[in-house]
Every structure is written in C-alpha cells, then in structure tokens.
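>
Numbering (our numbering), first residue to last: -4 to 527.
1. For residue 37, which of 343, 395, 315, 367 has the nearest alpha-carbon?
2. Assuming the contact rule is C-beta atoms closer than 8 Å, residue 504 and residue 493 should be a hit. Round their C-beta distance to whole Å, please.
3. For residue 132, which residues of its own chain have a beta-carbon under 6 Å away from its beta-carbon, when the five flanking residues on both sides are left out?
4. In chain order, what residues of the same chain have a beta carbon less than 7 Å from the beta carbon of residue 163, not counting five sequence neighbours either side?
5. Cα separation between residue 108 and residue 461?
6. Is the CB-CB distance between residue 361 and residue 414 below 9 Å?
7. Taking the straight line between their C-alpha atoms, what separation do you get for residue 91 and residue 216?
8. Got a sec, what are the start and stop residues for the beta strand (DSSP E) residue 518 sits in?
9. Under a three-way DSSP split, which group does residue 149 fall into?
10. With a 10 Å radius around its C-beta and 16 neighbouring C-beta atoms as the bar for buried, classify residue 58 as buried or exposed.
11. In the DSSP assignment, the alpha helix (DSSP H) including residue 36 goes from what residue to what residue?
12. Residue range of the alpha helix (DSSP H) that residue 339 falls in?
13. From the DSSP secondary-structure annotation, give me the bridge partner or partners of residue 327.
14. Could you give the residue range of the alpha helix (DSSP H) that holds residue 69?
15. Mind checking which residues open and close the beta strand (DSSP E) that includes residue 536?
16. Under 8 Å by Cβ, that's how I've got residue 285 and residue 87 pegged, so tell me the actual separation to the nearest angstrom.
17. Once the 5 residues before and after residue 322 are set aside, which same chain residues still bring their CB inside 8 Å of it?
18. So, residue 239 versus residue 384, is the Cβ gap smaller than 9 Å?
19. May I have the straight-line CA-CA distance separating residue 301 from residue 466, to the nearest angstrom?
20. Would residue 526 be called buried (16 or more neighbouring beta carbons within 10 Å of its own) or exposed?
21. Taking the alpha carbon of residue 458 as the point to measure from, which residue in 429, 480, 451 has its own alpha carbon closest?
22. Roughly how many whole angstroms lie between the Cα atoms of residue 218 and residue 64?
23. Residue 398: which of 257, 392, 272, 418 sits nearest, CA to CA?
24. In the DSSP output, what is residue 296 paired with across the bridge?
25. Tell me the rounded alpha-carbon separation between residue 346 and residue 194.
26. Output needed for residue 154: all residues of its chain with C-beta closer than 6 Å, excluding positions within five of it in sequence on either side, in chain order.
27. Which runs of the alpha helix (DSSP H), 4 residues or longer, sit entirely within the stretch 84 to 125?
28. Rounded C-beta distance between residue 348 and residue 495? I'm assuming under 8 Å.
29. Under DSSP, the beta strand (DSSP E) around residue 358 begins and ends at which residues?
30. Specify the secondary structure class of residue 255 as computed by DSSP and reduced to three states.
31. For the structure I just gave you, are there three or more beta carbon pairs, one from the stretch 68 to 85 and one from the stretch 251 to 264, closer than 8 Å?
32. What does a CB cutoff of less than 8 Å around residue 221 pick up in its chain, not counting 5 residues either side in sequence?
33. DSSP state of residue 302, grouped into three classes?
34. How long is the line joining the alpha carbons of residue 39 and residue 356, rounded to whole angstroms?
35. Roughly how many angstroms separate the alpha carbons of residue 510 and residue 66, rounded to a whole number?
36. What residue range does the alpha helix (DSSP H) around residue 240 cover?
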C-alpha cells in the first residue's frame, strides 16, 4: 500500500469516527525537526555574504558526521592539533545524533552497532578507548561491557495478531517454506567462511577489504529480489526478511537493492547477533569521537565554496549564528560531507567526480520518538523487547529507549519508530516530509494494530526527518568503478564520507574517516600507528 492511500484510509477512519457517537481523541502534541534544510538549500542560490576574515589551518575537515569525526579522532590520536572540523548543524554527529526529554534520551537516527568483526579494526580501537571493548581489540571474540550489550529480550516480530521471538516469520509457516529458511541460512554461513585467492573474506566490513571473486562481484549487477528468484527462493518469509533487512540498513527495498549489498548485510559479520546500544542510540559513539576534537569543531558552519589550488584549499564558510562568512585556508582538505553536495560547493568540480556521483540516490527517513505514560501491552504478558517489528507494515517497527535499564521499570517510556521512504522516487518522498500531523496519524495508526491503547498512552510525538539520510546501494553502484575516484582521493584532498563506500554503515564511515586521516598524516610527514 502506498503512503498516500494509507493516509486516505486514515482520514476516512477519522471522518467515520467524527460521524459516530465517539469523537477521535486529538493528536498528541510534538515537534517536527531535522537537519537544517533551510540553510542547506541556500547552496542553490549562493546568497552568502563575502568572507570578512581569513584563518589558516593545516587540515580542514568538511562535515561532522561519523566520517568527519573519525578523521578528527585519528588526527588527534596521532598528535595533530592543527585541524578544524566544519559542521553545518549545531552539533556534530550526523545520523548518530540524539534528543532527550524528561523521560529519557532517545535516538534521532542510528540506534545500534552490531559487534564489529576483526576487519573493522578502527571501530574496535574506538570501542576499546571508550572502555566498551575490554581486552585486546584484535581478539577473535573480545569481551564487551554488559551496560552496552543489548539486554534480553532483544527482538520480536508481530505477525498474524501475535508476537513471536526473533524476526524469521514462523507462526503458521509450512514446513516446506521453513526448509527454505534453513537453506538460506546455511548459504549465508558458507559465505561467511568463503575467502578469495588473496585470503580476503567474500563479504568483509569494511567493504574495501572484501574479496574480488568475479562471480560474487557480478551480484552487484542484479537486484536482491532477482537473485532470490533465480536461486529458487519463493518462501514469502525469505522475501519478507531480506526486504526488511535492506530497508533497515539501506533505506531501500530488495526490489531496488544490489544483490551483493543484500547478501553483505547477512554475511559481513560473524553471526553472533549481539548489538551495542544505549538509550540515545549511537550518539554515545559520536560524542566519544568528538571528545578527541574538543575545541576544534566549528558548529553552525556551512562551507559554501571550495577552491583547490596547487598547494592549498580555500573554503568559504558561512557562520549561521553570526550571519557572516569567513575564509579558511588549509594545506590539506578532508571532504566528509555527502558526495551529492560536491557540484554545489566546489568552484570547479572535476569531471570524474561528477561522473562518480551521477545516478546516485539518497533514501529519505522518518524517525519518531513517542513519549508514553506507560509501556504498551504485548497481549502475552511479556515485557517489551528492545526491537519490536511489525510484519505487515511499511515501517521498520520501534525500539524502546528505556530498555537498557538494569531491571524492567514500569512507568513512562520513550519508543522510537522508524520508517524508510523506499516507495516511488526519492524526490517525491522528500516532499512528504513537511507535515507533522499527517505523520503522527500514520504512526499511531501503524502502532495501534499491536497496541490498540497506543493513542491514549502517547503524550507526545516528536518527528525527526532525514531528507537525504543515506546513499542507496542500487545495482552497479558498488563494484562498477564509480566509487574509485573517491576511494583514491588526490593530492591535497581525501574523501571521508560513508558515501565513498556506497553503504551507510557506522563501520564504513569510521573506516573512511580514519583512512582519509592516515593518508593526510602521511602527506604531512607525521608518523602514526595505523588503525586499519
């Protein structure tokens, strides 16, 4: 069902209620927030004041998401202090920022980190520095602080009017279809062990360390759905779960997602299934990275023009809070902002850059935080799981911000509802992000199926929108060569955003940021111990 049809149904339901004896309760209050699109859209007009001040720095980092923060973290770890990170928003963190109300902190985007595999060395080093990973970061199976390991019950699926543990649909599923579940799981287990002739894992995280078996790389040219059908997977449960996985990690359905990317979701980790999380989602990771760059992050700073010279880069920066512009002259530049901004910012974007981003699409997302006077019922008397997924829903379900309490406590809570707008075109979906009330109605209607009492329990609905949340791994985007120009970088500029990988994952952004920083340190002649 398309969203416009769903909203029409919601409106009709409200009209019928108004005609009956019982009036529908009013919508709970709340806010509509998101990245500063008003400021960002000024890049189209370039109506900024001329720079009135010039500053110099050795390294300028443009963009304060996980990629930019990771670059700053690595520079600081190597002893470098002459860098400046420029971030358009009031706080760095990108998709890993958080909010907080009187009940709990809560995520505004990414809300968990699966236990990172050994290849994600930089991420493991960060976790060790933050005291979450205990012991040797390079150990096969390190110990993690139980405070951050997701408490049980971890995930639950609502299907056919009942809650079941785990996300594979099992209630009422015939034996023949379950056999396909087993066949898919066994195939994924084989992929996790597969190596190419150079000893690289078939599907590694970060992606750059993956094997180069041509047969597997060819999977990037077809969709995951087409691959499933080609391999004889017809069970609705297999199609549902793989589609859910693509929407969850990539904001894109299995009909749109590269088969290589879809299988990467299942095969790139060790299969332990545990995740690290906190009430504020991944904001604790972003803030941990940001502490290394304390005093060198400039918020409310929109870089609106970049000109590259032979020996330095010039960045013109609008300081929104002060309504003035400054010029930053840097010996080295690390571009950690989304790649789609390059044509709007660089004075002379290189033709190969424009070719590299041609055809790229970005998935819009909606993240809603509902403050509840009490936890909703599960009808079976179970406590809520951390991750609660609705099988017959266009949304991704919700997580419980207060789940990490050491004991289940009754009383008010905050749940975070997620929806990737994967239907129709991304530009059309972005136009649907303007109305808080329409989204609040859709969210409450979606959650009322497992929780009929949800409207009465909800005291506030705060909606956070991401118009360009993540790059989509469409067929041909990962291994066709389009990314190579950004992977290589060039003299004086390195690219550090997860867009360079083509997968919007924490480990990818962390890897890209650290790699850009290490290459920059090498150009500056600064010695360092590699984190990669």
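We put the beta carbon where it would ideally sit given N, CA and C, even for glycine.
Here's the rundown:
1. 315
2. Their Cβ separation, rounded to whole angstroms, is 4 Å, which keeps residue 504 and residue 493 in contact under 8 Å.
3. 119, 120, 123
4. 176, 232, 236
5. 20 Å
6. yes
7. Residue 91 and residue 216: Cα-Cα distance of roughly 31 Å.
8. Run containing residue 518: none in the beta strand (DSSP E); it sits in the alpha helix (DSSP H), 501 to 519.
9. coil
10. Classified as buried, residue 58 has 16 or more neighbouring CB atoms from the shown chains inside 10 Å of its CB.
11. 32 to 36
12. 337 to 340
13. 54
14. 61 to 72
15. For residue 536 there is no data in the structure shown, the boundaries of the chain being -4 and 527.
16. 5 Å
17. 46, 48, 49, 50, 309, 310, 311, 312
18. yes
19. 23 Å
20. buried
21. 429
22. The straight-line gap from Cα to Cα measures roughly 33 Å.
23. 272
24. 314
25. Rounded to the nearest angstrom, the two C-alpha atoms are 35 Å apart.
26. Excluding residues within five positions, the ones whose Cβ falls inside 6 Å are 164, 166, 386.
27. 116 to 124
28. Contact doesn't hold; Cβ gap of about 11 Å is too wide.
29. 357 to 367
30. helix
31. no
32. 254
33. strand
34. 18 Å
35. 8 Å
36. 231 to 245
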